[in-house]
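Working notes, structure below.
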Amino acid sequence: MAKYRKLGRTSAQRKALIRNQVTALLNNGKIITTEAKAKEIRKEAEKLIALAVKEKDNFEEVTVTAKVARKDENGKRVKEVVDGKKVTVYDEVEKTIKKDMPSRLHARRQMAKVLYSVTEVPTAAAGKKKNTKKVDVVDKLFTEIAPKYADRNGGYTRIVKIGQRKGDAAMEVLIELV
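Residue 104 in full-length UniProt numbering sits at position 104 of the sequence shown, and the numbers go up by one each step.
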């Protein structure tokens, strides 16, 4: 019995496809794909969510002092002349950060091996670099998805059959986070 579906692709293409689809599923909450792909995506997504749920609260809050550039009313850095050179002025600020414990850091790195980085483009600025923002899907897993499933033991995804695709009659399904 095979351990995975080949999906008619080479191993590198198959891994890239699954990574891409899992990233889209965790970022958007649901995707439409074929039944065979959805069953493979479910395996990876369930593993990642289970890992996030397990390590959800495994961090400590630490207060650190950081140097932050002083900015004027326009948002530009304030500069002053020191010894004939323009130098940026920095202020020291107290910040509280979450410091991952070693097992959570390892889990974060394991997730980063599977998930791609996502750049969201608002619909108003489609086709422009301006106003795009990077979405950290790994952080989204820990902060949004894991607390939602904290009291649940598996079964984080649902596959709903939609019907056959018009072109090749492949069964299309909707895979979504429960």
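Note that the Cβ used here is the ideal one computed from N, Cα and C, for glycine as well.
(1) Distance check for A66 and K85, CA to CA, integer angstroms please.
(2) Only counting runs of 4 or more residues, tell me where the alpha helix (DSSP H) segments fall wholly within the region 11 to 76, in order along the chain.
(3) If contact is defined by three or more beta carbon pairs under 8 Å, each pair taking one atom from either stretch, is the region 69 to 76 in contact with the region 107 to 118?
(4) For K6, which of helix, strand or coil comes out of DSSP?
(5) Please report the straight-line C-alpha distance between R165 and E35, rounded to a whole angstrom.
(6) Go ahead and pull the three-state DSSP assignment for V82.
(7) Can you tell me whether I41 is buried or exposed? The criterion is at least 16 other CB atoms within 10 Å of its CB, across all chains shown.
(8) Answer yes or no: do T33 and V118 have a C-beta to C-beta separation smaller than 8 Å?
(9) Which residue's Cα is closest to the Cα of D151: P122, A50, L141, T132?
(10) Considering only residues of the same chain and omitting the five flanking positions on each side of N20, which have a CB-CB separation below 7 Å?
(11) Label V173 either buried or exposed according to how many other C-beta atoms from any shown protein chain fall within 10 Å of its C-beta, with 16 as the threshold for buried.
(12) So which of K43, K30, I31, G29 has the shortest CA-CA distance to K3?
(13) If we count the other Cβ atoms within 10 Å of its Cβ and call it buried at 16 or more, is E55 buried or exposed?
(14) Between V64 and the rest of its own chain, which residues show a CB-CB distance below 7 Å, the 5 nearest in sequence each way excluded?
(15) Kindly indicate which three-state DSSP category D136 falls into: helix, strand or coil?
(16) By DSSP's criteria, residue 179 is part of a beta bridge. Which residues make up the other side?
(17) For V87, which three-state DSSP category applies?
Reading off the structure:
(1) 24 Å
(2) 11 to 28, 35 to 54
(3) no
(4) coil
(5) 11 Å
(6) strand
(7) buried
(8) no
(9) A50
(10) Y116
(11) buried
(12) K43
(13) buried
(14) K95, I97
(15) coil
(16) What is shown of the chain runs 1 to 178, which leaves residue 179 out entirely.
(17) strand
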